[in-house]
Amino acid sequence: MAKAGHVNHWKHGWIPISPEAKAIVARRKAAPKAPKVLHRGVSVQFSPDEQRRISDLLQPPVDESQIDQEYKIGDMVIDKLLGYRNANNQQAGIGTHWTSSKDFAKTAADVGDGVPVLITAEWQGDGEDKARTGTGSINGANSWRDEEETTLTNAATLRITSIKIQDGQSMTEVLKTPVTVRGSKRVG
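Residue numbers for the sequence shown follow the working numbering, beginning at 14 and rising by one.
Laid out in structure tokens, this is it:
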């Protein structure tokens, strides 16, 4: 039977916990958890007008007013993804399928005939679909384990820290300031 204020040591039996040890444990419990970094690769379908605008914004600046113009694309990408509707015409938001593997996200961004986009976000652990995270069963076999997937619900809050868009042979950063989103809305 446990004794309050004591710990059961394997060799010495029940020994008292010092006030210093209690303070250390309390500090560790109260310390904020470091966010998990997740990535999402998507092939984004832009209208011809949006594609022209993106192409213009990715051109080298010709005068001072055009410096950092590529950062306007980040908001365009976020707005496009937040407004996305799934096959059931439901507001899908920023997306449910995320991975801790940046390489896998880059590969996913190249699938499809849209513009490859790589999103990186910090996630504190809320809104996870635990029944689907790390799954991918086909006939009972976990075939997608290499995805390192974390499946999120629309209740998940993400702090988007990077958006890179395919620009020729390289990816160009288009987000200047982190943006926090939850489901299909910007927050904070």
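Don't be surprised by glycine CBs; every beta carbon is placed ideally from N, CA and C.
Keep in mind the model is a prediction, meaning the values are calculated, not measured.
Residues of its chain near Glu161, where Cβ-Cβ distance is below 6 angstroms and the 5 sequence neighbours each way are ignored: For Glu161, where only same-chain residues beyond five positions count, the Cβ hits under 6 angstroms are Thr112, Ser113 and Ser114.
Collapsed DSSP secondary structure at Lys177 in the structure displayed: DSSP places Lys177 in strand when its eight states are reduced to three.
Thr190, buried or exposed, once every other Cβ within 10 Å from all chains shown has been counted against 16: Counting Cβ neighbours within 10 Å, Thr190 comes out exposed, since fewer than 16 surround it.
Stretch-stretch touch, CB-based, cutoff 8 angstroms, three pairs: the segment 166-176 with the segment 66-74: The segment 66-74 and the segment 166-176 do not touch, with fewer than three beta-carbon pairs separated by less than 8 angstroms.
Three-state secondary structure assigned by DSSP to Ala43: DSSP places Ala43 within a helical segment (H, G or I) once states are collapsed to three.
Alpha-carbon to alpha-carbon, Asp142 and Ile91: Separation of Ile91 and Asp142 (C-alpha to C-alpha, rounded to the nearest whole angstrom) is 22 angstroms.
Under the three-state DSSP convention, the category Val75 falls into: In the structure shown, Val75 sits in coil (DSSP, three-state: anything other than H, G, I, E or B).
Buried or exposed (CB count within 10 angstroms, at least 16 for buried), Val38: Around the beta carbon of Val38, a 10 Å sphere encloses fewer than 16 other beta carbons of the protein chains shown; the residue is thus reported as exposed.
Inter-residue spacing [alpha-carbon to alpha-carbon] between Gln137 and Phe59: Spanning the two alpha carbons is a distance of roughly 30 angstroms.
Distance CB(Tyr84)-CB(Val192) smaller than 8 angstroms: In this structure, Val192 does not lie closer than 8 angstroms to Tyr84 by Cβ.
Environment of Gln64 [buried if 16+ CB atoms lie within 10 Å]: Classification of Gln64: exposed, given that the 10 Å Cβ count is below 16.
Collapsed DSSP secondary structure at Arg172 in the structure displayed: Three-state DSSP puts Arg172 in a strand.
C-alpha gap between Ala144 and Thr163, whole angstroms: Ala144 and Thr163 have their alpha carbons spaced roughly 10 angstroms apart.
Residues near Thr174 in its chain [Cβ-Cβ closer than 7 angstroms; skip 5 each side]: Apart from the 5 residues on each side of it in sequence, Thr174 sits with its Cβ closer than 7 angstroms to the Cβ of Thr133, Ala134, Glu135 and Pro191 in its chain, given in chain order.
Whole-angstrom distance between Leu95 and Ile151, CA atom to CA atom: Below a pLDDT of 50, predicted positions are generally treated as unreliable, and Ile151, at 47, falls in that range; no measurement from the model is reported.
Extent of the continuous beta strand (DSSP E) to which Arg53 belongs: It spans Lys49 to Val57 - the beta strand (DSSP E) in which Arg53 sits, taken as one unbroken run.
Contact check, Pro129 vs Ala118, beta carbons under 8 angstroms: Contact flag unset, no.
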